[in-house]
Every structure is written in C-alpha cells, then in structure tokens.
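K.L.:
Residue numbers (the numbering used here), protein chains in the order written: chain A, 1287 to 1645; chain B, 48 to 312.
I have a structure here, written as structure tokens, and I will follow up with some questions on it.
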C-alpha cells in the first residue's frame, strides 16, 4: 500500500532531526533512505512505524491519515538492526507472535508461520531457540516475523548492518527476491550505498534532516543534484571552483589551482560566479602515459582490487584524483607521469550543497 | 594471568569469613543442646528444645505471624516495586534520580526514626499490632530491593523487543505480559527473595509495630531473651537461618535452570 509523508518535522531540543519533509512511496515500491548516521533517516522510519510522534506533518497509509494512530494499530512490519527477536520464545513463537495477537485459529497460525519460514528458507528450524541461531538466521526470523502479519508496509532499519560482507550480499539478493515476488511496499534505511543500489526502485539521499535528492539509482549516480549526493553515492572525484561560463546545458568551471577551465553538463540553476564542484567519476578518466590532451598527473599509487585496478593520481597542485579501470589489460606502474583526459559530456557541474539551489 | 592470593592473603580471608559466620553458626549447635542453658559446645545433642518450640503456641503464633507478614510484604513490594521500576525505566533522568533517592531513603534514614514515625502513624490509623500494619512497615525496607533488582533486569532488555511486539499489534498490557515480564523474571524473583528475607528477620520496625495480637518471630525472640536465657531462642534463630539459606538456594537454582533453558544475553 502507498505510504506518504506530508511535511513531517521533528526536533529534539535544539537539534532538528527532520526539516519538513514530504515523500511518497507508491504501492509495491522499494524505496531506500540512504544517508550518514544522524541524517534523519531512522527518525523518519520510526515516525512511519508509529514509535515516534512527529512535531508536525502527517503520515498516510493507503491515503488514510495514521499520524495519531499508535504503532500497534498501523499494521506495519518492522525489521530492526538488532533483530529484536524475543529471546524467551522459539523461532516458531517469534514468528507466530503477531498472529496470536490477532487471535487467528491455531491451524491457520501453524500454516502461515510455516509458509513464512519457508519463504525465508528456514524450514525445519521452527523449534530452535533464538540463542542457537546464527546472525543470518536471526535476520531471517525477524523478516519472517514482520512478513507473516501481511503488513501494509515493510519497514527495515539497517537490517543487514550486523552481518559479515558475504552474508550481507546474499541477504540483499534474498530481500530483493522476496520483493520481486510479492511486491510489498518497502521503506528501507541504510548507510550502505551498495545495499541501496542493489535493492531499491528509488533511493532518497538524506543529510542533516533533509531529503537531498530522490530518484532511481541510475538517476542519482549519473545526475546527482549536488556534491553531497555525488560523494555519498558511488566513488567520486570533486574539483571545486567557480562557474565562469554558463551556456544552456553546459557550464565552465574555472579551477585557478590547476590553471584550467573544466567544461561539463549542468542541469541545475547555477549562475556565473557561483561556487560549484565538478564531478569526475573514476571510471570516466582516461590515463594516457604517452602524453596528449588533458592535465598532467603522476600515478602515486595503484591498488589491485581483483576485477578492477584503482589509481591514485597526484595533480601538480598536490590534489588527488582516483581513477579506475578494469584489470583485464596491462596498466601503467606507480610513479609514471601521465595525462588525464575525459569527455566533457561525462562531467557534471554541481552545486556544493542542496542549500545553494534551495535558497 | 594475575597471580593468585598469597598464603597470608588466604589466612586473612579465612579469618574474616570465620569472624562473619562463626557467631551465626553458633546458634545451630546451641539449638540441639539438651541442657536448660545455652552452652557451647553442647554437652549432649537432643531435639528437646525443638519439641519445646513446637509445643508452645506463642512461638508457633509468632512464626505464623512472621510468615504472613513476610508473604504480604513481599507481595506488596513486588507489585509496587515492579510498577516503580517500569515507570523509572521510562522516566526522564532528573525525575528518575529523585524517585530512586526517595525509594532508597528507608535504607538510609535510621530505621529507629522510621520505626517511631510508623508507631505514631499506625496507632492513628488503627493498623498498630496488625499483620497488615507490620507488612506495610516492612514494605518500606523491602521495596528498594525489588526496584533495584528489577531495574537492573530492565536495563538488560532490548527496548526494540518491546517496540517489535507493539508493532506486531500487541497492547501495552500484552507487551508487558508476554515480553517484558518473562525477560525480567529472574530479576523479579531475586528481588522478591531479598524482600522476603528482609521482612522475615526485620526486628526494629517490628518491635514498634507488634502488639499482643501480632508479634513476629524476631520480636518474640528478643522479648524471650530479655527475660530468660532459653535455648528455644536458639531454635528460632536456627529456623530463621535455615529459611534464609533455603530462599536464596531456591533462587539460585531457579536462575540456573532458567539460564540453561533460555538465554537473555
């Protein structure tokens, strides 16, 4: 079911956790709030669940205002980072809890719990004690417990944060599979960009209590709205300067440190003289050891990452750039002087922060 | 690894333990004495004074009063202490600090002052010399043990467990009954045991609140020892000691089996 936030605001004393924030999640959508800790994403999730009251604004589930409804009447499925499983109950009773509260007949409870456990691939573990579960299994029980009540919206608060990398990747695919299969409206909170990219239909980037940008993973990666979004999602090189020229969808950024004017695409209202940043993703940089166009740089470091190779480039002004390429061909060694080149249409000129364009 | 205590350390430790426990244990052989005086060591062992204890309706009534008062005081402390601890768990820090100070104050204020105050108040409201009056007085001293034990147990409960239950549709009462209470049960049982033992051997408040109708075992012992030195008092002491040990053993066993069955870590 669709979930909407209308101008939700929340303060703790002098600290603003959320500026008035409006966000709609359509039915069946998987939306991830991605941001650093303290950016307000978990606050928004807790407001959706009903664990926290907003100071202003409204929460709507399926068009119905639930702002004043206590958590127990919202029919939300919540998955906590700490799992929050009931340690004194078996796996079966944990999953059955919400159905017992709803006074379903014993036969139906048994059937639905078994279905839910099968869904998260825990069949046969119904009688286990919680303390005998591994981290990944605990997370699956938490997921089954939230799903079994057929929630209006599934809410997940960094559910994979406590798992090791291998398991995290596996669970990402599992959660994605479950979402594909059932198309349940999901609001997911994480600070892990990979998680956000793998699972989400849309991602909302949060920072300091604001929604910086909302879009599909591809939109956010290819057309970030500002330097913060660019640096938070994906690897990025940012060069800071002033806009020296503005011409339709193009802007020139003057970088006096490097003595160059950098041309790139721009789709936000930046005027000549504004401070701005140029985004150069590591994969667009071309290294030419034999000279040619581009700026001079020295390969200060090479990192072998398996399928990729990463270069730390030192510019004449001591600024660093990172470049990456597939490790299938041979690569220049550390210390090599190279020219760094790029296509202007791969470069984005961005405001430094969202405030700049907001005001 | 830290080195273990030296031989001298062992000796000092053992001496301190002996100093603490030997006087307590002295009542045990004294109670099995067969002479008319408390003598150590006893000249011959017998159950004579146990028969005397059981044959005397006044001693039995005192024992019955003590058990009733302790059970009632424990029940009052558990209910009030549980509610206090649950409230404190959610209270803002400043309020929490002042309430905790208030709850602990009966342990800090000289008991004799509390006793005198209770004496006047209980006469005024007509509870003097009643089991209920004694139990209410004891509750003052028992309550802190429950509040502290339950408070510690509550700190160990993941607040998200309660939120999860609420999110699954459970009412606050159901969350308390099916999640919070089972998780803090060991703390609650421990607090109840402390409360029971505290009430059972309390003597200062009891002296002031006892009347001819309701007199607790320790008060009866004190009165008896004042007028005559009879080994029956040693029998009563031994019973008191045995009961205290039993209560704590039971709690330990309950906790251990609980830990083996489930884990709260």
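Just so you know, even glycine gets a beta-carbon here, dropped at the ideal spot from N, CA and C.
#1: So what's residue 1353 of chain A in DSSP terms, helix, strand or just coil?
#2: Which whole-angstrom value describes the C-beta separation of residue 264 of chain B and residue 109 of chain B, a residue pair presumed to lie in contact below a C-beta threshold of 8 Å?
#3: Given a cut-off of 8 Å on the beta-carbon distance, is the pair residue 1428 of chain A and residue 1369 of chain A in contact?
#4: Between which two residues does the beta strand (DSSP E) holding residue 1296 of chain A run?
#5: Give the interface partners of residue 1388 of chain A over in chain B, defined as CB-CB distance under 7 Å, in chain order.
#6: Can you check whether the C-beta of residue 1474 of chain A is within less than 8 Å of a C-beta belonging to chain B?
#7: Mind pulling the chain B residues with CB within less than 7 Å of residue 1384 of chain A?
#8: I want to verify the contact list: residues of chain A whose CB lies under 7 Å from the CB of residue 208 of chain B, in sequence order.
#9: How far does the beta strand (DSSP E) with residue 1529 of chain A in it extend, from its first residue to its last?
#10: Near residue 1417 of chain A, which residues of its chain fall below 7 Å by C-beta distance, leaving aside the five closest residues on each side in sequence?
#11: Could you name the residues of chain A that residue 233 of chain B contacts, counting a contact when the two beta carbons are closer than 7 Å?
#12: Buried or exposed for residue 1645 of chain A, going by 16 or more other Cβ atoms inside 10 Å?
#13: Return the chain-ordered list of same chain residues with a C-beta closer than 7 Å to the C-beta of residue 187 of chain B, the five sequence neighbours on each side being excluded.
#14: Residue 226 of chain B touches chain A at which residues, Cβ-Cβ below 7 Å?
#15: What are the partner residues of residue 1302 of chain A, as DSSP defines its beta bridges?
#16: I think residue 1683 of chain A touches residue 1322 of chain A, with their Cβ atoms under 8 Å apart; what is that distance to the nearest whole Å?
#17: If the criterion is Cβ atoms closer than 8 Å, does the pair residue 158 of chain B and residue 252 of chain B meet it?
#18: Between the segment 1489-1501 of chain A and the segment 1568-1578 of chain A, are three or more C-beta pairs nearer than 8 Å?
#19: If we count the other Cβ atoms within 10 Å of its Cβ and call it buried at 16 or more, is residue 1361 of chain A buried or exposed?
#20: Using a threshold of 8 Å, state whether the C-beta atoms of residue 204 of chain B and residue 78 of chain B are closer than that.
#21: Beta carbon of residue 1572 of chain A, beta carbon of residue 1586 of chain A: below 8 Å?
#22: Leaving aside the five residues before and after residue 112 of chain B along the sequence, list all residues of the same chain whose C-beta is less than 7 Å from its C-beta, in chain order.
#23: Of the residues that make up the segment 1334-1363 of chain A, which ones have a beta carbon closer than 7 Å to any beta carbon in chain B?
#24: Can you pull the chain B residues whose beta carbon is under 8 Å from the beta carbon of residue 1435 of chain A, in chain order?
#25: For residue 308 of chain B, count neighbouring C-beta atoms within 10 Å of its own C-beta (all shown protein chains included) and say buried if the count is 16 or more, exposed if not.
#26: In chain A, which residues lie less than 8 Å from residue 205 of chain B when you measure between Cβ atoms?
#27: Near residue 237 of chain B, which residues of its chain fall below 7 Å by C-beta distance, leaving aside the five closest residues on each side in sequence?
#28: Is the beta carbon of residue 1630 of chain A sitting closer than 8 Å to the one on residue 1550 of chain A?
#29: Using only the heavy atoms of the ligand MG, determine whether one of them is closer than 7 Å to the beta carbon of residue 261 of chain B.
#30: Using three-state DSSP, classify residue 1380 of chain A as helix, strand or coil.
#31: Would you check if the distance between the CB atom of residue 1623 of chain A and the CB atom of residue 1567 of chain A is smaller than 8 Å?
#32: Got a sec? Which residues, its chain only, sit under 6 Å from residue 268 of chain B by beta carbon, not counting five neighbours each side?
#33: Buried or exposed: where does residue 303 of chain B fall if 16 or more other Cβ atoms within 10 Å of its Cβ makes it buried?
#34: Tell me which residue opens and which closes the beta strand (DSSP E) that residue 1316 of chain A is part of.
#35: Given a cut-off of 8 Å, decide if residue 175 of chain B and residue 258 of chain B are closer than it, judged by their beta-carbon atoms.
#36: Would you give the residue range spanned by the alpha helix (DSSP H) that residue 136 of chain B belongs to?
P.N.:
In short:
#1: Look at residue 1353 of chain A here: in three-state DSSP terms it is coil, with no helix or strand label.
#2: Between residue 264 of chain B and residue 109 of chain B a beta carbon distance of about 5 Å is seen, short of the 8 Å cut, so the two are scored as contacting.
#3: In this structure, the beta-carbon distance from residue 1428 of chain A to residue 1369 of chain A falls below 8 Å.
#4: That run of the beta strand (DSSP E) goes 1289-1298.
#5: By Cβ distance, chain B contributes 216.
#6: No, residue 1474 of chain A does not count as interfacial toward chain B.
#7: For residue 1384 of chain A, the chain B residues whose Cβ falls inside 7 Å of its Cβ are 215 and 216, in order along the chain.
#8: Residue 208 of chain B reaches chain A at 1370 and 1372, counting residues in chain order whose Cβ is nearer than 7 Å.
#9: DSSP places residue 1529 of chain A inside the beta strand (DSSP E), whose first and last residues are 1523-1533.
#10: So the list reads 1373, once near-sequence residues are dropped.
#11: By Cβ distance, chain A contributes nothing, its closest Cβ being about 11 Å from residue 233 of chain B, past 7 Å.
#12: Confidence is the limiting factor: at residue 1645 of chain A the pLDDT is only 40, short of 50, which leaves the residue's position unreliable, though a coordinate-based value still follows. It is exposed - the Cβ of residue 1645 of chain A has fewer than 16 other Cβ atoms within 10 Å.
#13: If we look at residue 187 of chain B and ignore the five residues flanking it on each side, its Cβ neighbours are 153 and 161.
#14: In chain order: 1372.
#15: Residue pairing from DSSP places residue 1302 of chain A in a beta bridge opposite A:1297.
#16: Residue 1683 of chain A is absent from the model: chain A starts at 1287 and stops at 1645.
#17: Contact flag set, yes.
#18: The segment 1489-1501 of chain A vs the segment 1568-1578 of chain A: no contact.
#19: In summary, residue 1361 of chain A is buried, with 16 or more beta-carbon neighbours lying within 10 Å of its beta-carbon over all protein chains present.
#20: Taking 8 Å as the Cβ cut-off, residue 204 of chain B and residue 78 of chain B do not qualify as a contacting pair.
#21: Inclusion of residue 1572 of chain A and residue 1586 of chain A in the CB contact set at 8 Å is not warranted, their separation being larger than that value.
#22: Contacts found: 178, 261, 262 and 263.
#23: Of all residues in the segment 1334-1363 of chain A, the ones placed with a Cβ closer than 7 Å to any Cβ belonging to chain B are 1335, 1337, 1357, 1358 and 1362, in chain order.
#24: Those are 215 and 216, listed as they occur along chain B.
#25: Interpretation of residue 308 of chain B is limited by its pLDDT of 44, a score under 50 that renders its predicted location unreliable; no figure is taken from the coordinates.
#26: Per Cβ cutoff of 8 Å: 1368 and 1370.
#27: Excluding sequence neighbours, residue 237 of chain B sits near 196 and 298.
#28: The answer is yes: Cβ separation under 8 Å.
#29: As far as ligands go, the structure on display features none, and thus does not contain the ligand MG.
#30: The answer is helix: DSSP assigns residue 1380 of chain A an H, G or I state.
#31: It is not a contact, given that the beta carbons lie outside the stated cut-off.
#32: Counting only Cβ-Cβ distances below 6 Å, and skipping sequence neighbours, we find 280 and 283.
#33: With fewer than 16 other Cβ atoms within 10 Å, it is exposed.
#34: Counting along the chain, the beta strand (DSSP E) containing residue 1316 of chain A begins and ends at 1316-1320.
#35: In this structure, the beta-carbon distance from residue 258 of chain B to residue 175 of chain B falls below 8 Å.
#36: It spans 104-137 - the alpha helix (DSSP H) in which residue 136 of chain B sits, taken as one unbroken run.
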